[in-house]
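Residue numbers (the working numbering): 15 to 322.
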């Protein structure tokens, strides 16, 4: 079976549940505060590990937090590629309002201490057809993409959090580009979902594009095929890791041989179930929960069950 390696971030999430997002010059009290493990890399690795057997997380953690690796192991993630480094831990300060929406401030910490030497060592251990999964919370992205492509690896990239440097990356070499409507607008300079996909498909014709639309669902473009799936009705509590759960389950599906449509169906359920719980990594559903959800929301998916 082909391997999947997530090269990404590990953060400590400090979550404040508030009645509304704080405004400039304003101080408010939170209704509660929680600490969770998070980071887009870790969240996606957890989701992938729940649905796919050959997943490793290549990441950095701070030597100041000695318990972090054991906490990550408890989620079933292979930690053999995680290195403990001197420096501050990646940290996210998150506000969550009553509707479950969030706003986030990141401190990158040791997430930006990847070296080309370590990256080359990991990529050289992989084989053609293996998949690497990237997000924009780490450094050396251009080097990773170019090195992976030259090795014949598949590449998935989630351009979040978005910044202008993403536009300089060789995105035409990415096999799966997974993004939300805000990131899609920044990439394409259009607000409408269909125009976003058309523009990016013209620019990156060999890339499978996946545009997540929150409660409205998801759209995707692969070659000349366009896919659209409505959002699922659930009671949202916290949207923090929904996109990461979606990404992990979608990539697990396609890497196991599901069609794009089938993988989107599974990922759509995973994202919806994630928002019904508080937290980031701790809110990602199990494979059985996702399969049960697929049955509940749509009475089909025997092929999905067989593939997973």
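Heads up, the beta-carbon is just placed ideally off N, CA and C, and yes, glycines get one too.
| Item | Value |
| --- | --- |
| Report the rounded CA-to-CA distance for residue 250 versus residue 110, giving the unit in angstroms. | 11 Å |
| Use the C-beta contact count for residue 34: other C-beta atoms within 10 angstroms, 16 or more gives buried, fewer gives exposed. | exposed |
| Just to confirm before moving on: does the CB-CB distance between residue 290 and residue 224 stay below 8 Å? | no |
| So what's residue 126 in DSSP terms, helix, strand or just coil? | helix |
| Would you list the one or two residues that DSSP bridges to residue 242? | 233 |
| Which full runs of the alpha helix (DSSP H) of 4+ residues lie inside the stretch 42-122, going along the chain? | 54-65, 82-87 |
| Which class does residue 306 belong to by DSSP, given the choice of helix, strand or coil? | helix |
| In angstroms, rounded to a whole number, what distance separates the CA positions of residue 128 and residue 312? | 42 Å |
| Could you tell me which residues DSSP pairs with residue 29 in its beta bridges? | 48, 108 |
| Roughly how many angstroms separate the alpha carbons of residue 277 and residue 39, rounded to a whole number? | 45 Å |
| How long is the line joining the alpha carbons of residue 47 and residue 306, rounded to whole angstroms? | 31 Å |
| Is residue 211 helix, strand or coil by DSSP? | helix |
| Round the Cβ separation of residue 189 and residue 168 to the nearest angstrom and send it over; I've been treating them as touching at under 8 Å. | 5 Å |
| Sorted by chain position, which residues of the same chain lie with C-beta nearer than 8 Å to residue 210's C-beta, five sequence neighbours on each side aside? | 195, 198, 199, 201, 202, 204, 225 |
| Determine whether the beta carbon atoms of residue 17 and residue 144 lie at a separation below 8 Å. | yes |
| Rank 227, 228, 231, 235 by C-alpha distance to the C-alpha of residue 216 and give the top, closest one. | 235 |
| Considering only the beta carbon of each residue, do residue 156 and residue 23 sit closer than 8 Å? | no |
| Given a cut-off of 8 Å on the beta-carbon distance, is the pair residue 5 and residue 255 in contact? | Because the chain is modelled from 15 through 322, residue 5 falls outside the range shown and cannot be assessed. |
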